[in-house]
Amino acid sequence: METMRAFVSFGTTSLRLLSRGAPLYWAWVGVLLLLVASGTMAYLDQLRVGLAVTAMRDPVSWAFYIGNFTFMVGVAAAAVVLVIPAYVYDWKPIREVVIIGELLAVSAILICLLFVMVDIGRPERFWHLIPGIGRLNFPHSVMAWDVIVLNVYLLINLVVVTHVLFSTFRGRHYSMRLVLPLVLLSIPMAIGIHTVTAFLYAGMAARPYWNASILAPQFLASAFSSGPAILLIVLQLLRRFTAFEIRDEAIQKIAELMAYAIFLNLFFHGAEVFKEYYSNTEHSLYTRYWFEGIGEHRTLVPYAWAAVALQSLALVLFAVPALRRHPVALNVGAIATYAGGYIEKGMGLIIPGFTPDTLGQIYEYAPTIHELRVAAGVFAVGFLVFTFLLRVAVPILLGQERLAGSGMQPMEIPK
Amino acid sequence: MDQRPEPVSRRKFATCAAAAAAGFVLTACGPKRLYDVPRERLRQLVRDMEREYSATYGKDVTVSDAGPQPGVVFGYALDISRCIGCRRCVYACVEENNQSRDPQVHWIRVLQMDKAHGVDFAHADEYYEAEQVPEEGKFYVPVSCQQCEDAPCTKVCPTGATWAEKDGIVVIDYDWCIGCRCCMAACPYGARHFNWKTPTIAAKDVNPSMHYLGNRPRQKGVVEKCTFCIQRVRAGRYPACVEVCPVGARKFGNLLDPDSEIRYIIEHKRVMVLKEELNTMPKFFYFYAT
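Chain order of the listed sequences is A and B.
Just add 2 to the spot in the first sequence (first one is 1) and you have the numbering used here.
Just add 5 to the spot in the second sequence (first one is 1) and you have the numbering used here.
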């Protein structure tokens with residue numbers, strides 16, 4: 003009963019926190035709400051007319067939505083990069099930012115699930131996937147695996163963050179017996195969500211561009227570079243706008259880990275490019291379409307080179323210690339990593355896999371305004387949720403918001 | 006310890022009865038995957054479809070629920086040396102199988118290839134517009150569903166909305182498909198087609214002879230494909246494309262019948278399958294008779 007009352011108070015406190023904020027907060031929320039509204043309108047159109055409002059057609063039957071989905075799975079997995087050093091090596095300075103990583107994971111998974119929902123032709127039938135009332139084609143369908151791991155990963159992170167925040171709110175230390183096993187489980191799960199998503203593509207022999215064993219390792223490398231990139235920026239913003247203390251050591255550690263990931267990602271890509279170009283089989287067509295185009299079909303070529311340029315820049319900025327210690331270089335590097343990863347996954351993974359199609363026909367895909375609006379709306383929902391989660395979590399973690407009558411020791415904020 | 010069961014209160018009984026009734030109603034009336042539907046229930050569903058489609062199109066629609074026959078596995082063979090690329094099969098298929106006229110959905114895609122390159126998709130053109138076919142130096146390879154023995158499309162489907170029937174025909178349950186298009190990504194033959202819009206077809210053009218796993222009307226947002234004209238072949242007829250082919254390039258029959266034409270072709274001609282390296286084991290063969 004007491005727990006119930008405390009939880010209700012937790013809820014009302016959260017709502018109160020959400021409804022208050024500086025003008026900048028409201029401006030940010032306002033912009034996101036506008037994007038959500040525009041995305042919703044575009045999506046309603048899509049529901050009414052069908053997926054014909056997108057540029058997808060039979061030859062390129064997955065594209066921008068699924069590319070975004072794939073990219074965000076990587077971001078969702080990023081939390082683990084922080085969890086590993088924090089818990090496995092018991093490295094303290096990074097531990098307090100783990101919860102931020104988990105909030106990010108929750109928001110990112112939400113974006114992933116929304117991108118799948120907007121991509122499917124009959125969203126009202128999603129319950130056909132639920133075992134019992136529907137039928138989940140497990141273990142044959144990799145998509146079925148993906149549905150399971152994504153939802154389990156979402157659940158784990160939701161439980162951990164809710165428990166940690168609620169305990170802190172009540173002035174108690176979170177239960178190690180609950181949190182530690184879940185956090186340890188979230189490590190293989192984070193690797194799992196991205197591996198399974200990679201297998202979804204790699205398992206398709208019909209698409210030589212994806213049917214490569216390098217795909218899963220490359221997915222992980224790209225996730226572990228672009229996921230922390232967004233976290234780096236978020237942590238600096240938090241440090242700037244709240245009393246949340248984040249040590250330089252933590253930021254530098256993340257940047258160092260990112261340097262390895264960026265290098266591995268480029269290396270894996272290089273390995274694939276070498277194989278395609280040197281062996282020069284008919285399967286190299288897809289890689290060629292991405293990097294140089296086929297005949298007059300060159301829509302994606304600028305994206306390809308932009309991704310290469312951004313990621314190479316990021317590698318230099320993060321690999322040289324003096325550069326990554328410089329705040330401007332660090333942030334330019336983070337943005338370059340994020341943008342490069344986004345282009346590589348959003349445009350470079352899915353679309354070339356379908357171009358040319360299985361019978362050699364070329365359909366040049368470029369997203370329509372509808373797709374861009376829906377995608378922006380989905381991202382806005384995710385950012386809105388992330389903003390709200392931070393808006394509640396930060397004051398609680400800082401000890402500024404407590405259940406009336408509870409002890410006032412902040413959780414793990416180093417003084 | 007007292008082991009006597011508690012007497013069932015009236016309220017408890019009513020709750021249980023209501024729950025049981027709700028469960029029964031949900032199981033009986035709720036949409037179900039056609040794969041699992043028992044024979045009796047299927048008959049009823051098919052009658053419902055007939056009523057619905059007859060009302061929609063203003064003509065007598067029959068929906069067959071004919072199942073696979075024992076000892077029958079269908080196979081197809083196409084003589085590349087005869088095909089002239091006239092695309093009559095494409096349009097006969099559209100008419101027979103009630104494909105959408107706007108936007109156009111074609112289950113058969115005819116590829117024009119260069120004799121210099123042989124069967125090579127990288128040098129194939131689906132959108133050839135010749136004044137007269139066959140064109141000099143070209144040959145033609147029509148491609149539709151290859152009805153694979155080890156079908157990548159059925160494996161990847163997350164809801165089990167597509168499966169291979171016992172007679173080898175890969176079918177789709179249009180009421181169960183969620184439109185995720187995994188199967189389209191997995192199909193090596195470009196044989197699966199998505200309804201990007203509501204399919205349209207004039208009532209006068211509707212072929213009223215339907216099968217519940219075949220040419221019945223599809224909805225927006227689901228995938229469809231060739232079924233070897235399941236409504237015809239399970240009634241002992243040839244697929245529409247076989248009948249319409251002006252040069253007799255298309256052959257069809259029972260792979261398990263040693264006296265069938267399809268078996269004769271496989272045993273006496275040099276046959277090949279598309280993308281044999283993928284190990285999908287198509288039941289659609291290509292051969293050169295002359």
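Glycine included, each C-beta is placed from N, C-alpha and C at the ideal position.
Inset, instruction - Assuming residue 260 of chain A and residue 339 of chain A form a contact by the criterion Cβ under 8 Å, report the distance between their Cβ atoms to the nearest whole angstrom. - result: To locate residue 260 of chain A, count along the first sequence from 1; it is residue 258. To locate residue 339 of chain A, count along the first sequence from 1; it is residue 337. Right, their Cβ atoms sit about 7 Å apart.
Inset, instruction - Identify whether residue 392 of chain A lies in helix, strand or coil by the three-state DSSP scheme. - result: For the purposes of this step, residue 392 of chain A is taken as residue 390 along the first sequence, with counting starting at 1. Here residue 392 of chain A sits in helix by DSSP.
Inset, instruction - Can you tell me which of the three DSSP states residue 119 of chain B falls into? - result: Position 114 of the second sequence holds residue 119 of chain B. Looking at residue 119 of chain B - three-state DSSP - the assignment turns out to be strand.
Inset, instruction - Under the assumption that residue 216 of chain A contacts residue 274 of chain A (Cβ atoms under 8 Å), give the Cβ distance between them as a whole number of angstroms. - result: For the purposes of this step, residue 216 of chain A is identified with residue 214 of the first sequence, where counting begins at 1. For the purposes of this step, residue 274 of chain A is identified with residue 272 of the first sequence, where counting begins at 1. About 5 Å; that satisfies the 8 Å criterion.
Inset, instruction - From the DSSP output, in three-state form, read off residue 336 of chain A for me. - result: On the first sequence, position 334 is the one that residue 336 of chain A refers to. Three-state DSSP puts residue 336 of chain A in a helix.
Legend entry - Three CB pairs or more closer than 8 Å across the region 223-231 of chain A and the region 343-350 of chain A: yes
Inset, instruction - Within its chain, find whatever has a CB closer than 7 Å to the CB of residue 370 of chain A; leave out the 5 residues flanking it on each side and keep chain order. - result: Taking the first residue of the first sequence as 1, we reach residue 370 of chain A at position 368. These residues qualify, in order along the chain: 55, 56, 57.
Inset, instruction - Closer than 7 Å by C-beta to residue 274 of chain B: which residues in its own chain qualify, once you throw out the five before and the five after it? Chain order, please. - result: In the second sequence, residue 274 of chain B corresponds to position 269, counting from 1. 292, 294.
Legend entry - Inter-residue Cα distance where the pair is residue 15 of chain A and residue 32 of chain A: Locating residue 15 of chain A in the first sequence gives position 13, where the first residue counts as 1. Locating residue 32 of chain A in the first sequence gives position 30, where the first residue counts as 1. Taking the straight line from one Cα to the other gives about 22 Å.
Legend entry - Against chain B: residues of the region 270-299 of chain A by CB proximity under 7 Å: 284, 287
Legend entry - Partner residues on chain A for residue 194 of chain B, Cβ-Cβ distance less than 9 Å: In the second sequence, the residue the question calls residue 194 of chain B occupies position 189. Near residue 194 of chain B (Cβ distances below 9 Å), the residues of chain A are 208, 360, 361.
Inset, instruction - Using the Cα positions of residue 262 of chain B and residue 283 of chain B, report the straight-line distance between them to the nearest angstrom. - result: The residue given as residue 262 of chain B occupies position 257 in the second sequence. The residue given as residue 283 of chain B occupies position 278 in the second sequence. Cα to Cα, residue 262 of chain B sits roughly 27 Å from residue 283 of chain B.
Inset, instruction - Measure the Cβ-Cβ separation of residue 88 of chain B and residue 147 of chain B and say whether it is below 8 Å. - result: The count along the second sequence starts at 1 and reaches residue 88 of chain B at position 83. The count along the second sequence starts at 1 and reaches residue 147 of chain B at position 142. Yes, the Cβ-Cβ distance between residue 88 of chain B and residue 147 of chain B is below 8 Å.
Legend entry - Simplified DSSP state of residue 141 of chain A, which is helix, strand or coil: In the first sequence, residue 141 of chain A corresponds to position 139, counting from 1. Of the three classes helix, strand and coil, the one that applies to residue 141 of chain A here is coil, per DSSP.
Inset, instruction - Determine the direct distance from the alpha carbon of residue 101 of chain B to that of residue 51 of chain B, and round the result to whole angstroms. - result: Translated into the one-based positions of the second sequence, residue 51 of chain B becomes position 46. Translated into the one-based positions of the second sequence, residue 101 of chain B becomes position 96. So the alpha carbons of these two residues sit roughly 19 Å apart.
Inset, instruction - Find out if the Cβ-Cβ distance for the pair residue 85 of chain A, residue 69 of chain A is shorter than 8 Å. - result: Reading the first sequence from its first residue, position 83 is the one you call residue 85 of chain A. Reading the first sequence from its first residue, position 67 is the one you call residue 69 of chain A. Not a contact, by the Cβ cut-off of 8 Å.
Legend entry - Contact list for residue 59 of chain A against chain B, beta-carbon separation under 7 Å: Here residue 59 of chain A is taken as the residue at index 57 of the first sequence, counted from 1. What residue 59 of chain A touches in chain B: 201.
Inset, instruction - Below 6 Å CB to CB, which residues in the same chain sit around residue 239 of chain B once its five sequence neighbours on both sides are set aside? - result: Reading the second sequence from its first residue, position 234 is the one you call residue 239 of chain B. The residues are 71.
Legend entry - Contacting residues, own chain, Cβ-Cβ under 8 Å from residue 62 of chain B (five flanking each side not counted): Residue numbering aside, residue 62 of chain B sits at position 57 when the second sequence is read from its first letter. Cβ within range, chain order: 208, 211, 213.
Legend entry - Beta carbon proximity, residue 128 of chain A to chain B, threshold 8 Å: Walking along the first sequence from the start, residue 128 of chain A turns up at place 126. Judged by the 8 Å Cβ criterion, residue 128 of chain A is in contact with chain B.
Inset, instruction - Check whether the Cβ of residue 351 of chain A sits closer than 7 Å to any heavy atom of the ligand PLP, and report yes or no. - result: As far as ligands go, the structure on display features none, and thus does not contain the ligand PLP.
Legend entry - Beta-ladder partner(s) of residue 398 of chain A, from DSSP: To locate residue 398 of chain A, count along the first sequence from 1; it is residue 396. Paired residue(s): none; residue 398 of chain A is not in a bridge.
Inset, instruction - Compare the C-alpha of residue 5 of chain A against each of A/76, A/401, A/169 and name the closest. - result: Within the first sequence, residue 5 of chain A is the residue found at index 3, counting from 1. Nearest option by C-alpha distance: A/169.
Inset, instruction - Look at the alpha carbon of residue 134 of chain A and the alpha carbon of residue 271 of chain B, and state the distance between them as a whole number of angstroms. - result: Along the first sequence, read from residue 1 onward, the residue named residue 134 of chain A stands at position 132. Along the second sequence, read from residue 1 onward, the residue named residue 271 of chain B stands at position 266. So the alpha carbons of these two residues sit roughly 44 Å apart.
Inset, instruction - Find the residues of chain B that neighbour residue 145 of chain A, judging by a C-beta separation of less than 7 Å, and give them in chain order. - result: Counted from its first residue, the first sequence places residue 145 of chain A at position 143. Residues of chain B passing the Cβ test: 161, 163, 185, 187.
Inset, instruction - Could you tell me whether the Cβ of residue 71 of chain B comes closer than 8 Å to any Cβ of chain A? - result: The residue given as residue 71 of chain B occupies position 66 in the second sequence. Closer than 8 Å: no.
Legend entry - Neighbour list for residue 28 of chain A in chain B, Cβ cutoff strictly below 7 Å: Translated into positions along the first sequence, residue 28 of chain A becomes position 26. Per Cβ cutoff of 7 Å: no residues; residue 28 of chain A is ~38 Å from chain B at best.
Legend entry - Cutoff 7 Å; reference residue 105 of chain A; Cβ partners in own chain excluding five residues on either side: Translated into positions along the first sequence, residue 105 of chain A becomes position 103. Hits under 7 Å: 163, 388, 391, 392, 395.
Inset, instruction - Can you give me the Cβ contacts of residue 301 of chain A inside the same chain, cut-off strictly under 8 Å, excluding the 5 residues immediately before and after it? - result: Numbered from its first residue, the first sequence carries residue 301 of chain A at position 299. Same-chain partners within the cutoff: 295, 366, 367, 368.
Legend entry - Minimum C-alpha distance to residue 269 of chain B - residue among B/191, B/279, B/256: Residue mapping note: residue 269 of chain B aligns to position 264 of the second sequence, counting from 1. Checking every option, the nearest Cα to that of residue 269 of chain B belongs to B/256.
Legend entry - Between the CA atoms of residue 358 of chain A and residue 111 of chain B - distance to the nearest angstrom: If you number the second sequence from 1, residue 111 of chain B lands on position 106. If you number the first sequence from 1, residue 358 of chain A lands on position 356. Distance between the alpha carbons of residue 111 of chain B and residue 358 of chain A is about 19 Å.
Inset, instruction - Output yes or no for whether 8 Å exceeds the beta carbon distance between residue 78 of chain B and residue 200 of chain B. - result: To locate residue 78 of chain B, count along the second sequence from 1; it is residue 73. To locate residue 200 of chain B, count along the second sequence from 1; it is residue 195. In this structure, residue 200 of chain B does not lie closer than 8 Å to residue 78 of chain B by Cβ.
Legend entry - DSSP-derived helix/strand/coil call for residue 414 of chain A: As a first step, residue 414 of chain A is located in the first sequence; it is residue number 412 there, counting from the start. Residue confidence is low: residue 414 of chain A scores 49 on pLDDT, short of 50, so the model does not pin down where it sits. No coordinate-derived value is stated.
Inset, instruction - Would you please verify whether the beta carbon of residue 122 of chain A is less than 8 Å from any beta carbon of chain B? - result: One-based indexing of the first sequence puts residue 122 of chain A at position 120. It does; some Cβ of chain B falls within 8 Å.
Legend entry - Exposed unless 16 or more other CB atoms sit within 10 angstroms - verdict on residue 417 of chain A: As a working note, residue 417 of chain A is residue 415 in the first sequence. Note on residue 417 of chain A: pLDDT 36, under 50, position unreliable in the model; the coordinate value appears next. Residue 417 of chain A comes out exposed.
Inset, instruction - Could you name the residues of the region 39-60 of chain A whose beta carbon sits closer than 7 Å to any beta carbon of chain B, in the order they occur along the chain? - result: 51, 52, 53, 54, 59, 60
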